[in-house]
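>
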Amino acid sequence: ALQAGIVGLPNVGKSTLFNAVSNSAKAQASNYRFCTIDPNVGLVDVPDARLNKLAELVQPNRVVPTQIEIVDIAGLVRGASKGEGLGNKFLGNIREVDAIIHVIRCFEDENVLREEGAINPVSDKEIIDTELQLKDLESVEKKLSRAEKMAKTDPKAKVELDILQRCKTHLEQGKSIRSLGLDKDEQAAIADLFLLTSKPVLYVANVDEASMHTGNKYSEMLKEAVKNEDAQVIIMNNNVEAQISELENKEDQQMFMEEYGMKEPALDRLIHSAYKLLTLQTYFTAGVQEVRAWTIHEGWKAPQAASVIHTDFEKGFIKAEVISYDDFVKFGSEAAAREAGRLRIEGKEYIVKDGDVMHFRFNV
Ligand code: GDP
Numbered sequence: 002a003l004q005a006g007i008v009g010l011p012n013v014g015k016s017t018l019f020n021a022v023s024n025s026a027k028a029q030a031s032n033y034r035f036c037t038i039d040p041n042v043g044l045v046d047v048p049d050a051r052l053n054k055l056a057e058l059v060q061p062n063r064v065v066p067t068q069i070e071i072v073d074i075a076g077l078v079r080g081a082s083k084g085e086g087l088g089n090k091f092l093g094n095i096r097e098v099d100a101i102i103h104v105i106r107c108f109e110d111e112n113v114l115r116e117e118g119a120i121n122p123v124s125d126k127e128i129i130d131t132e133l134q135l136k137d138l139e140s141v142e143k144k145l146s147r148a149e150k151m152a153k154t155d156p157k158a159k160v161e162l163d164i165l166q167r168c169k170t171h172l173e174q175g176k177s178i179r180s181l182g183l184d185k186d187e188q189a190a191i192a193d194l195f196l197l198t199s200k201p202v203l204y205v206a207n208v209d210e211a212s213m214h215t216g217n218k219y220s221e222m223l224k225e226a227v228k229n230e231d232a233q234v235i236i237m238n239n240n241v242e243a244q245i246s247e248l249e250n251k252e253d254q255q256m257f258m259e260e261y262g263m264k265e266p267a268l269d270r271l272i273h274s275a276y277k278l279l280t281l282q283t284y285f286t287a288g289v290q291e292v293r294a295w296t297i298h299e300g301w302k303a304p305q306a307a308s309v310i311h312t313d314f315e316k317g318f319i320k321a322e323v324i325s326y327d328d329f330v331k332f333g334s335e336a337a338a339r340e341a342g343r344l345r346i347e348g349k350e351y352i353v354k355d356g357d358v359m360h361f362r363f364n365v
């Protein structure tokens, strides 16, 4: 599963958020698949109303959502890029994740220690950004000196050199690589650096209880500060989320949320956004045994999509029967959609669309 890593300064509510995620993962996953979870890694179901709707129509024995991994990356502090507070280890952990969830403290609470003076979401964000940028600068400079030598004889290295120099200038201006506007080829040319600031990010404004529906002045400051980043800011209260996730049955959760005027856990929104951030798409299989959501990347063709179910499916792929989600719901079953002529037979070149209900035919 793809990974999203939770980062932020100490005492902003990261572990609280992680516990909420991993509690709800445990409670939900136990019905489905067994999953081993590290103390710092939680495997979490991705909520999807379409999956529930399909299950309602098909009435299968099992319903299996797709999952992503959430990793708690604690210990990032000012000076981490210079090895402060085991900084290098934690920065290494960030290198391995596919996207970043940056938690920012937007609540006041004199009982919760804070080393950076008055609450300031903008400077908090900048402290973390700076550490990641400095680390990236180190990676870029290392590669740059090698590329300089090679560029004298190798024209391909010359292209790379140019990209690296742009990265360096950008980082030195205190900006993150994700805002440099590299195209796909340029990104691929430096992919081996796994630059920390090139990863997609979303922000969690961890606000006090009173502001969880409206946000507060701190979350507004944060929104203003990131408005050019094209990044989402999710306003939530991590304490409340952790409390919801600790309740074992749905009725208790429902009652608790009603008291707080919530329709759903904010965690659902967060996970959904993280999934989108990873530019993932979902297709479904809908049999009487199992209705299930599967994760693929945008642009994947049918055989590759089939390989998510089983690697043999890709090799032996013959064709796929496809019904769009909307048609499936409109006609109510595979048989009815087929009768209405809304079931398509697609071949190897078919690019799977988000929400497709797929049935693969293959040779074993
Ligand atoms: P971390 O260091 O970022 O992992 O922070 P923790 O999740 O351990 O939280 C630090 C402290 O802040 C704990 O005592 C939490 O209960 C508290 N905390 C977390 N979220 C909130 C919040 O939304 N409001 C308030 N008042 N306290 C919170």
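Be aware that the sequence shown starts at 2, since it is given in UniProt numbering, and climbs by one per residue.
Ideal Cβ positions, reconstructed from N, Cα and C, are used throughout, including at glycine.
Keep in mind it's a predicted model, so treat the numbers as computed, not measured.
Taking its Cβ as the centre, do 16 or more other Cβ atoms sit within 10 Å of threonine 215, making it buried, or is it exposed?
Exposed, because fewer than 16 other Cβ atoms sit within 10 Å of the Cβ of threonine 215.
> Would you identify the three-state DSSP class for valine 292, choosing helix, strand or coil?
Correct three-state label for valine 292: strand.
> Using only alpha-carbon positions, find the residue among Ala5, Lys54, Val98 that is nearest to valine 292.
Nearest of Ala5, Lys54, Val98 to valine 292, Cα basis: Lys54.
> I'd like to know if the region 253-260 and the region 285-303 are in contact, where contact means that at least 3 CB-CB pairs between them fall below 8 Å.
Taking 8 Å as the limit for Cβ pairs, the verdict is that the region 285-303 does not touch the region 253-260.
> Say the cut is 8 Å; is the CB of serine 16 nearer than that to a heavy atom of the ligand GDP?
It does: the Cβ of serine 16 is within 8 Å (strictly closer) of some heavy atom of the ligand GDP.
> Helix, strand or coil: which one does DSSP assign to glutamate 113?
Going by the sequence as given, residue 113 is valine instead of glutamate. Residue state, collapsed to three classes: coil.
> Have a look at aspartate 231 and valine 8 and give me their C-alpha separation to the nearest angstrom.
Rounded to the nearest angstrom, the two C-alpha atoms are 19 Å apart.
> How close, in whole Å, do the beta carbons of serine 334 and leucine 58 come, if the pair is a contact with beta carbons under 8 Å?
Indeed, because the Cβ distance is near 7 Å, the residues count as touching under 8 Å.
> Alpha carbon to alpha carbon, how far is arginine 34 from glutamate 70?
With a pLDDT of only 39 at arginine 34, under 50, the local geometry of the prediction cannot be trusted, and no value is derived from it.
> Just the C-alpha distance for valine 208 and isoleucine 105, rounded to the nearest angstrom, thanks.
Roughly 9 Å separates the two Cα atoms.
> Verify whether the separation of the beta carbon atoms of asparagine 239 and leucine 77 is less than 9 Å.
Not a contact, by the Cβ cut-off of 9 Å.
> Leaving out the 5 sequence neighbours to the left and right, which residues in its chain are closer than 6 Å to histidine 298 when beta-carbon positions are compared?
So the list is empty, once near-sequence residues are dropped.
> Count the C-beta pairs between the region 139-146 and the region 157-166 that are closer than 8 Å, then say yes if the count reaches three, no if not.
Because the criterion of three Cβ pairs below 8 Å is met, the region 139-146 and the region 157-166 touch.
> Taking the straight line between their C-alpha atoms, what separation do you get for leucine 3 and asparagine 94?
Each residue's Cα considered, the two are about 14 Å apart.
> Write down the C-beta distance between arginine 343 and phenylalanine 332 rounded to the nearest angstrom, noting that I regard them as a contact closer than 8 Å.
Yes, arginine 343 and phenylalanine 332 are in contact; Cβ-Cβ is about 6 Å, under 8 Å.
> At which residues does the beta strand (DSSP E) containing alanine 206 begin and terminate?
Residues 202-208.
> Just the C-alpha distance for serine 140 and aspartate 186, rounded to the nearest angstrom, thanks.
C-alpha separation (whole angstroms): 19 Å.
> Tell whether a beta-carbon distance below 9 Å holds between isoleucine 102 and valine 205.
Against a cut-off of 9 Å, the Cβ pair of valine 205 and isoleucine 102 comes out as a contact.
> Any idea what DSSP makes of isoleucine 346, helix, strand or coil?
Strand at isoleucine 346.
> Which term fits methionine 151, buried or exposed, when burial requires 16 or more other beta carbons within 10 angstroms of its beta carbon?
Counting Cβ neighbours within 10 Å, methionine 151 comes out exposed, since fewer than 16 surround it.
> What's the gap between the Cα of leucine 10 and the Cα of leucine 138?
One C-alpha to the other measures close to 21 Å.
> Going by the beta-carbon positions, is the gap between arginine 177 and serine 199 smaller than 9 Å?
Here the sequence assigns serine to residue 177, which means arginine is not the residue at that position. Result yes, Cβ atoms of serine 177 and serine 199 sit closer than 9 Å.
> Between phenylalanine 257 and the ligand FMN, is there a pair consisting of the residue's CB and a ligand heavy atom that are separated by less than 8 Å?
Of the ligands this structure carries, namely the ligand GDP, none is the ligand FMN.
> Tell me whether valine 104, by its Cβ, gets closer than 8 Å to a heavy atom of the ligand GDP.
Flag set: Cβ of valine 104 near the ligand GDP.
> The ligand GDP heavy atoms versus the CB of proline 266: any closer than 8 Å?
Proline 266: no, Cβ never under 8 Å from the ligand GDP.
> Taking arginine 63 as the reference, give the member of Ala119, Leu183, Ala294 with the closest Cα.
Among Ala119, Leu183, Ala294, the Cα nearest to that of arginine 63 belongs to Ala294.
> Any heavy atom of the ligand GDP closer than 8 Å to the CB of aspartate 184?
Not under cutoff, so the answer is no.
> Where does isoleucine 346 land, buried or exposed, given buried means 16+ other C-beta within 10 angstroms?
By the neighbour-count rule (16 or more Cβ atoms within 10 Å), isoleucine 346 is not buried but exposed.
> Hey, is leucine 10 close to the ligand GDP, as in C-beta under 8 Å from one of its heavy atoms?
Yes; taking the cut-off as 8 Å, the Cβ of leucine 10 has a heavy atom of the ligand GDP nearer than that.
> Is aspartate 110 near the ligand GDP - that is, is its Cβ less than 8 Å away from at least one heavy atom of it?
Yes.
> For aspartate 193, tell me which candidate among Ala81, Asp73, Arg96 has the shortest Cα-Cα distance.
That would be Arg96, whose Cα lies nearest to the Cα of aspartate 193.
> Pull up the distance between the alpha-carbon of glutamine 254 and that of alanine 338, whole angstroms please.
Spanning the two alpha carbons is a distance of roughly 37 Å.
> Quick check on valine 123: does DSSP put it in helix, strand or coil?
Helix, per DSSP.
> Distance check for lysine 153 and valine 22, CA to CA, integer angstroms please.
About 51 Å.
> Answer with buried or exposed for aspartate 73, where buried requires no fewer than 16 other C-beta atoms within 10 angstroms of its C-beta.
With 16 or more other Cβ atoms within 10 Å, it is buried.
> Return yes when the C-beta of alanine 192 is under 8 Å from any heavy atom of the ligand GDP, and no when it is not.
Outside the cutoff, so no.
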